[in-house]
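First comes the structure, then the notes that go with it.
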Amino acid sequence: MTPAELSQAVQAAVSAAVEAGELAVAVPEHVTVERPKNRDHGDYATNVALQLAKPAGMPPRAVAELLAARLRETTGVAKVDIAGPGFLNITLDAAAQGLLARTVVEAGQAYGRNEALKGLKINLEFVSANPTGPIHIGGVRWAAVGDSLARVLRATGADVTTEYYLNDAGVQITKFARSLQAVANGKPVPEDGYVGEYIGDIAKAITDGVPGVLDLPEDEQLQVFRAEGLKLMVAEIKRSMEEFGVHFDTWFSEKSLHESGAVEQAIDRLREQGHVFDQDGAIWLRTTDFGDDKDRVLIKADGETTYFAADAAYYLSKRDRGSEVSVYMLGADHHGYVNRLKAIAACAGDDMDRNIEVRIGQFVKMLRDGQEVRLSKRAGNIITIDDVVDWIGVDAARYMLARSSTDSTITIDIDLVTSQSNENPVFYVQYAHTRMCGVARKAAELGVDKGAAEDFKPELLATQWESDMLGALGEFPRVIATAGELREPHRVARYLEDLAGKYHRLYENCMFLPKGDEELTDTHRARLWLVEATRTVLANGLTLLGVSAPERM
RNA sequence: GCGCUCAUAGCUCAACGGAUAGAGCACUUGACUACGGAUCAAGAGGUUGCAGGUUCGAAUCCUGCUGAGCGCACCA
1 MTPAELSQAV QAAVSAAVEA GELAVAVPEH VTVERPKNRD HGDYATNVAL
51 QLAKPAGMPP RAVAELLAAR LRETTGVAKV DIAGPGFLNI TLDAAAQGLL
101 ARTVVEAGQA YGRNEALKGL KINLEFVSAN PTGPIHIGGV RWAAVGDSLA
151 RVLRATGADV TTEYYLNDAG VQITKFARSL QAVANGKPVP EDGYVGEYIG
201 DIAKAITDGV PGVLDLPEDE QLQVFRAEGL KLMVAEIKRS MEEFGVHFDT
251 WFSEKSLHES GAVEQAIDRL REQGHVFDQD GAIWLRTTDF GDDKDRVLIK
301 ADGETTYFAA DAAYYLSKRD RGSEVSVYML GADHHGYVNR LKAIAACAGD
351 DMDRNIEVRI GQFVKMLRDG QEVRLSKRAG NIITIDDVVD WIGVDAARYM
401 LARSSTDSTI TIDIDLVTSQ SNENPVFYVQ YAHTRMCGVA RKAAELGVDK
451 GAAEDFKPEL LATQWESDML GALGEFPRVI ATAGELREPH RVARYLEDLA
501 GKYHRLYENC MFLPKGDEEL TDTHRARLWL VEATRTVLAN GLTLLGVSAP
551 ERM
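Under my numbering, the first residue of the first sequence is numbered 1, with each subsequent residue one higher.
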């Protein structure tokens, strides 16, 4: 019996009580059934009686009594206790619980997928770092979290488009081009330019790739460095993202918004909605109508469009391309943008509480020799995505960055992670997976297997360790659904750590294979189903995080 | 000055308003002639920054305070 099925059973118990006239409430659309932390509280617990007590005008425990009586009649339910203020503690019979192992194995890679967000069209934008340098550690966090979130959302049935917004127009690119040009000509980079080895590398690639570029007039030369530098830098970013296991469906060019007239069209559309006004020679969007602390300029008095105007056009582009929910993942230094971005959606006539989500994530702090390493894209000693991968590898990097809530600043001690990578939780989880594969290898060696599905005896999975394991396996679909709904992929990582721990304990306490001259028993076979089910969930979960599930380490 | 975010064990971090706040690491003590010991068991470690409030129930929600990070352009 899965938690979802149990939840329906509880709901049915409420319905039955209502129909019998014993309970005067509206039947809740969804009943929460959860694994209690304390196993003395049964396999599952529900607080539904506490929640219905007030509307029913009855004491919580009286409501609980009504429901408990009906639940005890439910197939697969072994015991129902009423505890504390009115919790219902439900214990399943071993067979009903054990059946889950076969369910999981038979579902395979599909186990855990659900339809919590079925059909929802989501545009998920993340990283979007300026193409004026390599991706630095902050961007790496969004790459890990954003890509995992995309995978999680897809597992909940959402139709997700991942997108990288390339700021390929504007003065930063010009500064970048001037820096390349200066270095190529053996001159010092301008005061406000970009420095770092990569500037020299790209400059050299351009002078090598475009013979005679240095003989061109200065203006033409700059154009070459701008165009070629941008191309090379974007290619470099794409390469590092792909190597990190992160794929973007769309690389969206800011410049294209300006060149196609999309920015002007966007302003016209916002004007039609009545939120655009002229003042002091500039054209403004009245974002203060929707919670922004000041109105924003779209077109400056000198006729130039602002970056904000491009933001507006970009949002409308996402909308025009079918996005129902546009999710922006921004760094903490962009929190001031939340209100103005949401106001764009509202000014366009959209629901700013549904059609747009701006998620702010905190920074990653890097320590080396006990000192914080300051991150500056313009400084030479930046920590890039390639540095991180070199030090700790893609798996550990992705896992470490994705296992924490983006609300928390996280601190990564480079010395610790590089010198003692065994302490990394990802190894704990991956090791559990290799152990399960080891069991399968050993079974093959012994020439035994878990047997046919119809011979599986779920009631033999009856020890506390097996029960714990089965309970955890049953949670997986809900973990994914919650992670998707809350946009918090770190929940998957935490779940896997718990699952791995339960497996390690199961391993210590239950033999899966016969030893010595023993015969393979039905208990062994049932446990082999459980091991295979656990391996399936662990592998599925690691895939959602973009982390490999190794057979050997 | 105004605003946003954060504050949980020695460290790094969890905890859809639920029961005794949990993991990993580090520390102490144990466990390998069995499926991989990169493991497990036990122990120790907390006034969830402070003070109020709402609630049957608060780390979680509200108010105030303290501390930290960040942001407040006709820049991009």
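We put the CB at the ideal spot given by N, CA and C, even for glycine. Since the structure is predicted, the reported quantities are computational estimates derived from the model, not experimental observations.
Quiz item: Would D415 be called buried (16 or more neighbouring beta carbons within 10 Å of its own) or exposed?
Solution: exposed
Quiz item: Less than 8 angstroms separating the beta-carbons of M553 and T411?
Solution: no
Exercise. Kindly list the residues whose CB is nearer than 8 angstroms to the CB of Q221, restricted to its own chain and excluding five residues on each side of it in sequence; keep chain order.
Key: Answer for Q221: Q181, V213 and L214, listed in chain order.
Self-check item: N-terminal and C-terminal residue of the beta strand (DSSP E) that M329 is part of
Solution: V325 to G331
Quiz item: Where does R185 fall in DSSP's three states?
Solution: The identity of residue 185 in the sequence shown is Asn, whereas the question assumes Arg. In the structure shown, N185 adopts coil according to DSSP, grouped into three states.
Exercise. Whole angstroms is fine: what's the gap from A633's alpha carbon to K121's?
Key: Nothing can be reported for residue 633, as the shown portion of the chain is limited to 1 through 553.
Quiz item: How would you label A17, buried or exposed, when you count the other beta carbons within 10 angstroms and need 16 or more for buried?
Solution: buried
Quiz item: Distance, Cα to Cα, L367 vs V426?
Solution: 20 angstroms
Exercise. Would you mind reading off the limits of the beta strand (DSSP E) that contains N123?
Key: K121 to E125
Quiz item: Is the Cβ-Cβ distance between I202 and M241 less than 8 angstroms?
Solution: Cβ atoms of I202 and M241: not closer than 8 angstroms.
Quiz item: When you compare only the Cα positions, how much space is there between M58 and R286?
Solution: 52 angstroms
Practice problem: Please name the residue in A26, E125, A12 and Q109 whose C-alpha comes closest to that of L67. | Solution: A12
Exercise. Determine, using beta-carbon pairs with one atom in the stretch 129–147 and one in the stretch 382–401, whether at least three such pairs fall under 8 angstroms.
Key: yes
Self-check item: Collapsed DSSP secondary structure at L473 in the structure displayed
Solution: The three-state reading of DSSP puts L473 in helix, counting H, G and I together.
Exercise. Using three-state DSSP, classify R70 as helix, strand or coil.
Key: helix
Quiz item: Just reading off the alpha helix (DSSP H) that N509 is part of, what are its end residues?
Solution: Run containing N509: H490 to N509, per the alpha helix (DSSP H) assignment.
Quiz item: What is the DSSP secondary structure of H136, counted as helix, strand or coil?
Solution: In the structure shown, H136 sits in a strand (DSSP, three-state: E or B).
Quiz item: Secondary structure at G382, three-state DSSP: helix, strand or coil?
Solution: Residue 382 is actually Ile in this sequence, not Gly. Coil.
Quiz item: Do you know how far the Cα of P188 is from the Cα of S256?
Solution: Here the alpha carbons of P188 and S256 stand approximately 32 angstroms from one another.
Quiz item: Can you check whether the CB of F476 is closer than 8 angstroms to the CB of I385?
Solution: no
Quiz item: To the nearest whole angstrom, what separates the beta carbons of A359 and Y315, a pair I think is in contact under 8 angstroms?
Solution: Position check: residue 359 holds Arg in this sequence, whereas Ala was assumed. Their Cβ separation, rounded to whole angstroms, is 15 angstroms, which puts R359 and Y315 out of contact at 8 angstroms.
Self-check item: For E254, the nearest candidate out of N339, G133 and A129 (CA to CA)
Solution: A129
Practice problem: List the DSSP bridge partners of Y164. | Solution: According to DSSP, residue pairing for Y164 in a beta bridge involves W251.
Practice problem: Can you have a look at M511 and say buried or exposed, based on whether 16 or more other CB atoms are within 10 angstroms of its CB? | Solution: exposed
Quiz item: For the stretch 100–108 against the stretch 204–213, are there 3 or more C-beta pairs whose distance is under 8 angstroms?
Solution: no
Quiz item: I think T306 touches D295, with their Cβ atoms under 8 angstroms apart; what is that distance to the nearest whole Å?
Solution: The Cβ separation is near 12 angstroms, so there is no contact.
Exercise. Measure the C-alpha to C-alpha separation of F308 and F363 and round it to an integer number of angstroms.
Key: Straight through space, the alpha carbons of F363 and F308 are spaced by roughly 24 angstroms.
Quiz item: For D522, which residues from the same chain have a beta carbon less than 7 angstroms from its beta carbon, with the 5 sequence-adjacent residues on both sides left out?
Solution: K457 and L460
Self-check item: Extent of the continuous alpha helix (DSSP H) to which T434 belongs
Solution: P425 to L446
Practice problem: Assuming I137 contacts I392 (C-beta within less than 8 angstroms), just tell me the rounded distance between them. | Solution: Your pair I137 and I392 does not check out as a contact, with CB atoms roughly 12 angstroms apart and the cut at 8 angstroms.
Exercise. Give a yes or no on whether the C-beta atoms belonging to L530 and A96 are separated by under 8 angstroms.
Key: no
Quiz item: Contact check, V14 vs P28 under 8 angstroms by CB: the rounded distance?
Solution: 7 angstroms
Exercise. Take T91 and list the residues in its own chain whose beta-carbon comes closer than 7 angstroms to its own, dropping the five residues that flank it on each side.
Key: G42, D43, A78 and K79
Practice problem: For the alpha helix (DSSP H) holding R527, just list the boundary residues, first then last. | Solution: D522 to L545
Quiz item: The beta strand (DSSP E) spanning Y44 covers which residue range?
Solution: Y44 to T46
Quiz item: With distances taken between CB atoms, is the gap from H504 to L513 smaller than 8 angstroms?
Solution: No, they are not a contact pair.
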